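Only one structure is covered here, and it is reproduced in the block below.
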Amino acid sequence: MLSIRENFLETINGGNPDRFVKQYEALSMVFAPTPQSRLASFPSPGGPPTKTAWGVTYTWPEGMPGGMPDHQNEENIVIKDITKWRDVVHMPRTDFPDEEWADYAAAAAKIDRSQVFCTVMAAPGLFEMCHHMQSMGVALENFYLEPESVKELVWYFTEYEIKWAEQLLKHGKADMLFHHDDWGAQNSSFMSPAMFNEFFLEPYKQIYSFYKENGVEVIVHHSDSYAANLVPSMIEIGIDVFQGCLTSNNVPQLIKDFGGQISFMGDLNNGVLDIPNWTPELIRSEVERACRTNGKLYYIPCLTMGGPGSTFPGVYDTVNEEIDRMSKEMF
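Going by the working numbering, the sequence shown opens with residue 190, and the numbers climb by one from there.
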């Protein structure tokens, strides 16, 4: 029987897996000390709003799958004039003493890398940072109205990403990166492939190349959205696994068109399964559909949420049980 890590690699490399990968089982995540992270002071579900080191205020209402920037109060919007972003956007420190990384380094050292991947996480991504600091509508407008200022801002975020990656990899050698950046809604991407490439292709190539050049074997990019039209760009950027791919992406067709260049992790929509009145029968049906239509290679059955777990208790574990059932039937 293959180890979890071996089975993951056989799946994404078109080899001979002996079962389906169960969602996030191969990703053993280690988290950087929160004072340094862009997610510093990120709120807990139902907790009060908090502010990160970048100055973004987040709120996480009870029962919601994640936190979001709080733009209801205009005072919380960091960038009010994109042409003057340098006056208000200030890169957080990355030069923290080694002792503050001690717990992170110890956690990374304990991971059995013959079984799973030591995985570091980066969030929010470049696009999300743009709209978190401006609000979504204004950010999208500025891609058209002030493209040069937006490009400068994106490269500033890129500079920070690489500085932060240096620290992550210095204090805990990682095998995998799990990177968040939502690039679409349920049925369309937020921008055309041409616009995406204009603003994000080269920055992401630099970020992901840095990780690969420094020992990271697998890049998993989370975008729980439609982004099928961006898959060729994902491949050029260096993404190995598109995690969060909603059913609207037509995942079986993506596997047919791009399997062997990139793999897909998702096709079990949280909006369908991770609901208050979920049933084992519903999960059973959806997991069976996904496994049978997507097949054994270049596909990992997974809820589309950007991390292990579910909003409503029992959903994630039941999905795992049904994946086990499908492994027994199909392998």
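All residues carry an ideal CB built from backbone N, CA and C; glycine is no exception.
Only a predicted model underlies this, so the values are computations on that prediction, with no experimental measurement involved.
Could you spell out the range, first to last residue, of the alpha helix (DSSP H) harbouring I426?
Position 237 of the sequence shown, counted from the start, is the residue given in the question as residue 426. Unbroken alpha helix (DSSP H) run through I426: V420 to I426.
Those residues which DSSP pairs with P490 across a bridge
Within the sequence shown, the letter at position 301 stands for residue 490. DSSP lists G455 as partners of P490.
Using the Cβ count rule (16 or more neighbours within 10 Å means buried), how would you classify A312?
Locating residue 312 in the sequence shown gives position 123, counting from the first residue. Buried is the call here.
Y505 classed as buried or exposed, judged by whether at least 16 other C-beta atoms fall within 10 angstroms:
Along the sequence shown, read from residue 1 onward, the residue named residue 505 stands at position 316. By the neighbour-count rule (16 or more Cβ atoms within 10 Å), Y505 is buried.
Name the one or two DSSP bridge partners that I408 has.
Numbered from 1 along the sequence shown, position 219 holds the residue referred to as residue 408. Answer by DSSP bridge pairing, in chain order: L366.
One question on the structure: do G433 and G455 come within less than 8 Å of each other, judged by their Cβ atoms?
Counted from its first residue, the sequence shown places residue 433 at position 244. Counted from its first residue, the sequence shown places residue 455 at position 266. Yes, the Cβ-Cβ distance between G433 and G455 is below 8 Å.
Exposure of D287, with buried meaning 16 or more beta-carbon neighbours within 10 Å:
Reading the sequence shown from its first residue, position 98 is the one you call residue 287. Label assigned to D287: exposed.
Starting from C307, follow its DSSP beta bridges and name the residues at the other end.
On the sequence shown, position 118 is the one that residue 307 refers to. BP columns for C307 point to S217.
Going by DSSP, name the residue or residues bridged to M257.
If you number the sequence shown from 1, residue 257 lands on position 68. Beta-bridge pairing links M257 to T248.
Three Cβ pairs or more, each shorter than 8 Å: is that satisfied between the segment 391 to 408 and the segment 437 to 453?
no
Residues of its chain near V327, where Cβ-Cβ distance is below 6 Å and the 5 sequence neighbours each way are ignored
Residue 327 sits at position 138 when you count from the first residue of the sequence shown. For V327, where only same-chain residues beyond five positions count, there are no Cβ hits under 6 Å.
Rounding to the nearest angstrom, what Cα-Cα distance links H360 and Y293 in this structure?
In the sequence shown, counting from the first residue as 1, residue 360 sits at position 171. In the sequence shown, counting from the first residue as 1, residue 293 sits at position 104. Each residue's alpha carbon lies about 7 Å from the other.
Would I351 and Q395 be called neighbours here (beta carbons separated by less than 8 Å)?
For the purposes of this step, residue 351 is taken as residue 162 along the sequence shown, with counting starting at 1. For the purposes of this step, residue 395 is taken as residue 206 along the sequence shown, with counting starting at 1. Yes.
Tell me the residue span of the alpha helix (DSSP H) that contains G326.
Numbered from 1 along the sequence shown, position 137 holds the residue referred to as residue 326. Start and end: M325 to L334.
Exposed or buried, which one is V277 when buried takes at least 16 other CB atoms within 10 Å?
The residue you call residue 277 lines up with position 88 of the sequence shown. Exposed, since its Cβ has fewer than 16 Cβ neighbours within 10 Å.
Is E264 buried or exposed, if buried means 16 or more other CB atoms sit within 10 Å of its CB?
Position 75 of the sequence shown, counted from the start, is the residue given in the question as residue 264. With fewer than 16 Cβ atoms within 10 Å of its Cβ, E264 is classed as exposed.
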